[in-house]
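Student: Here the protein sequences come in this chain order: F and P. Sequence positions in the first sequence follow the working numbering and run 1 to 416. Sequence positions in the second sequence follow the working numbering and run 1001 to 1080. Don't be surprised by glycine CBs; every beta carbon is placed ideally from N, CA and C.
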Amino acid sequence: MSAVQEVVVTGLGATTPLGGNVASTWEAMLAGRSGVRRIDDEAHEWITRHDLPVKIAAPLAVEPTEVIPRVKARRLDRVEQVALVAAKEAWEHAGLGEPGEQVDPTRLAVVIGTGVGGVITLLDQDDLLETGGLRKVSPLTVPMLMPNGPAAWVGIEYGAQGAVHAPVSACASGAEALAWALRLLRANEVDVVIAGGAEACITGLTVAGFAQARTLSLRNDEPERASRPFDVDRDGFVLGEGSGIMVLERAEFAAARGATVHGRIAGAGITADAYHITGPEPEGRGQSRAITAAIRMAGLDPSDVGHVNCHATSTVAGDVGETRAVRKALGDHPVLTAPKSQLGHMVGAAGAVESIVTLLSIRDGIIPATLNLEKLDPGIELDVVAGEPRKVDLQAAVCDSFGFGGHNAAVAFTKV
Amino acid sequence: MASNEEILTGLAEIVEEVAGIDTADVSTEKSFVDDLDIDSLSMVEIAVQAEDKFGVKIPDDQLAELKTVGDAVDYIAKNQ
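1) Answer yes or no: do Val-62 (chain F) and Ser-243 (chain F) have a C-beta to C-beta separation smaller than 9 angstroms?
2) Write down every uninterrupted run of the beta strand (DSSP E) in the region 295-363 of chain F whose length is 3 residues or greater and which is fully enclosed by it, in chain order.
3) Which residue wins for smallest C-alpha separation from Gly-269 (chain F), given the options F:Gly-263, F:Asp-124, F:Ala-298 and F:Gly-344?
4) Any Cβ of chain F within less than 9 angstroms of the Cβ of Ser-1031 (chain P)?
5) Cβ closer than 8 angstroms: which chain P residues qualify as neighbours of Pro-64 (chain F)?
6) For the region 199-216 of chain F against the region 50-57 of chain F, are there 3 or more C-beta pairs whose distance is under 8 angstroms?
7) Give the interface partners of Leu-1011 (chain P) over in chain F, defined as CB-CB distance under 7 angstroms, in chain order.
8) Taking C-beta to C-beta, are Ala-177 (chain F) and Gly-351 (chain F) nearer than 9 angstroms?
9) Across the region 186-205 of chain F and the region 69-83 of chain F, are there enough close Cβ pairs to call them in contact, namely three or more that are closer than 8 angstroms?
10) Between the Cα of Ala-396 (chain F) and those of F:Glu-374, F:Val-385 and F:Arg-363, spot the shortest distance and give me the residue it belongs to.
11) For Ala-264 (chain F), count neighbouring C-beta atoms within 10 Å of its own C-beta (all shown protein chains included) and say buried if the count is 16 or more, exposed if not.
12) Listed from N- to C-terminal order along the chain, which residues in the region 1038-1052 of chain P have their beta-carbon within a distance smaller than 7 angstroms of any beta-carbon of chain F?
13) What number of angstroms, rounded off, separates the C-alpha of Val-1044 (chain P) from the C-alpha of Leu-330 (chain F)?
14) According to DSSP, is Arg-390 (chain F) part of a helix, a strand, or is it coil?
15) Using a Cβ-Cβ cut-off of 6 angstroms (strictly less than) and excluding sequence neighbours within five positions of Gln-1049 (chain P), which residues of its own chain qualify?
16) For the ligand FMN, is there a heavy atom less than 8 angstroms away from the beta-carbon of Met-146 (chain F)?
17) Quick check on this structure: which residue in F:Pro-334, F:Arg-225, F:Ala-57 and F:Thr-358 has the alpha carbon closest to the alpha carbon of Ala-208 (chain F)?
18) Can you confirm whether Met-1 (chain F), when its beta carbon is compared against all beta carbons of chain P, has any partner nearer than 9 angstroms?
19) Start and end of the alpha helix (DSSP H) containing Phe-210 (chain F)?
20) Please name the residue, chosen from F:Thr-271, F:Glu-249, F:Gly-321 and F:Cys-310, that lies closest to Pro-282 (chain F) on a Cα-to-Cα basis.
21) Return no unless some Cβ of chain F is closer than 9 angstroms to the Cβ of Val-997 (chain P).
22) Applying the 10 Å Cβ sphere with the 16-neighbour rule, what's the burial state of Pro-223 (chain F)?
23) Who are the near neighbours of Ala-94 (chain F) in its chain, counting only those whose CB is closer than 6 angstroms to its CB and skipping five residues on each side?
24) Taking the straight line between their C-alpha atoms, what separation do you get for Pro-302 (chain F) and Asn-309 (chain F)?
25) Say whether the region 96-111 of chain F touches the region 159-174 of chain F, bearing in mind that this needs 3 or more beta-carbon pairs closer than 8 angstroms, one atom from each stretch.
26) Looking at the C-beta of Leu-140 (chain F), does it have a partner C-beta in chain P at a distance below 9 angstroms?
27) Cutting at 7 angstroms between CB atoms, please list the residues of its own chain near Met-1 (chain F), excluding the five before and the five after it.
28) Does the Cβ-Cβ distance between Ile-366 (chain F) and Asp-319 (chain F) come in under 9 angstroms?
29) Please state whether DSSP places Met-1 (chain F) in a helix, a strand or coil.
30) Would you call Ile-1126 (chain P) buried or exposed, if buried means 16 or more other Cβ atoms sit within 10 Å of its Cβ?
31) If you run the structure through DSSP and keep just helix, strand and coil, what is Ala-172 (chain F)?
32) What residues from the region 50-74 of chain F come within 9 angstroms of chain P, judged by C-beta to C-beta, listed N to C?
33) Taking buried to mean at least 16 other C-beta atoms within 10 Å of its own C-beta, is Ser-1040 (chain P) buried or exposed?
34) Go through its chain and collect everything with a Cβ distance to Arg-225 (chain F)'s Cβ below 7 angstroms, but skip five positions before and after it.
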């Protein structure tokens, strides 16, 4: 049995409501900008047609079709497009060259999760079947709607023959993908994994469904103030879209090829609540166990973890429970922030994009502020960064992600 | 009734839209699979669009016989 492998992060890629890449997203976060806006325009005429109560979202800052050539884009659902955009940035950032050049294809894997997969295709093609019959339905319907589509396309793009996986755990999918990638690498099954999450589900049906579950913010008149995790006046999350991808490598492999290392992914915990299909277990026991499992795998003590990048979606129920879980697992000292205040909730991409943010906070020694945190919920007794970003020297930080279904994932990152 | 030349032009436009191949490269002697690198999924899309454009029916067993661009032009000309 070979020894457990140390794993490092060598490439980052993202496309988000704040920017078409990692640098622009990070810059916008530190500048305190919001990616949330009114969307009841021509392109989203379904909001007016169905009189939906929610008229805001956090759509992508840069359309993927501005980056992906037309003929290639028409074979891809939007969720596959965003995954390919973020994966390209991460792959190039990692300096891996042409596919097969630096890593043996059979030692390269992809783990990319999504919450709902190609729902835009599913809805469009169902409309075509209803209005035009069989022959109007695209032969690409199934590969465009399947939730493993983003992972499979990235696998084809970079020739990953080691394995291609697509974890589906709602809003925890992106973080869970990183957790599974870490396990593959620690077990020395592969040398490099392209891992993360992707989502593109701002559609009439999904917005209507989330609205009916009473989970979305109705602050339509002040879009930029709508996503306000931990604030006493929060009223729900704002649906976003995007993708975040990391290139993870066995530390020895990265060192041998002279790769630049941006941080370590040191541990990850995955647990389940087995409690309620949408609501988190109120005491945060399962969430707490995930955080504990992550730091144990990382060989960290609770006191080593200076910062938690929270899942905190801005729902009334979720945010307070998470802080209980953090206290239980780590104590009172970690400094918190909630990136969904700026990015909205990118569902299956959230945990991956927010893991990138966590890693950048360690690398650059700065934690972005939680936007719109004006009056802290009295149930929260921890230190949350608000107003301005805070400069903190961090040795280790944890990124939380939880999903409908009672999925809990926590990923621990450490400084190089 | 479209002439063979008009059919070739129309077909080339469809192939360009679906597969991104320059219309100038879509000539009668070219094989869809071997020369133009068009996969079976794209062939179905091309056939559906050709049916709409030229008012023909291209059943699956016929589609499988259309190896070259010239085969397709001849079939459409005969059946339109």
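Tutor: Let's see:
1) no
2) 307-309 and 335-337
3) F:Ala-298
4) no
5) Under the 8 angstroms cutoff, chain P gives no residues; its nearest Cβ is about 17 angstroms from Pro-64 (chain F).
6) yes
7) Per Cβ cutoff of 7 angstroms: no residues; Leu-1011 (chain P) is ~16 angstroms from chain F at best.
8) yes
9) yes
10) F:Arg-363
11) Correcting the residue identity first, residue 264 (chain F) is Arg in this sequence and not Ala. With 16 or more other Cβ atoms within 10 Å, it is buried.
12) Leu-1041, Val-1044, Glu-1045 and Val-1048
13) 57 angstroms
14) strand
15) Ile-1014
16) No copy of the ligand FMN appears in this structure; indeed no ligand is present at all.
17) F:Ala-57
18) Because the pLDDT at Met-1 (chain F) is just 47, under 50, the model does not fix this residue reliably, and the point stays unresolved.
19) 204-212
20) F:Gly-321
21) Residue 997 (chain P) cannot be examined here, being either before or after the span of chain P that is shown, 1001 to 1080.
22) buried
23) Thr-10, Gly-11 and Val-247
24) 15 angstroms
25) yes
26) yes
27) Caution is warranted here: a pLDDT of 47 is assigned to Met-1 (chain F), below 50, making its placement in the model unreliable, and no coordinate value can be reported.
28) no
29) Reliability of the predicted coordinates at Met-1 (chain F) is poor, the pLDDT of 47 falling under 50, and no value is obtained from them.
30) Residue 1126 (chain P) lies beyond the range of chain P shown here (1001 to 1080); nothing can be said about it.
31) helix
32) Pro-69, Arg-70, Val-71, Lys-72 and Arg-74
33) exposed
34) Arg-219 and Asn-372
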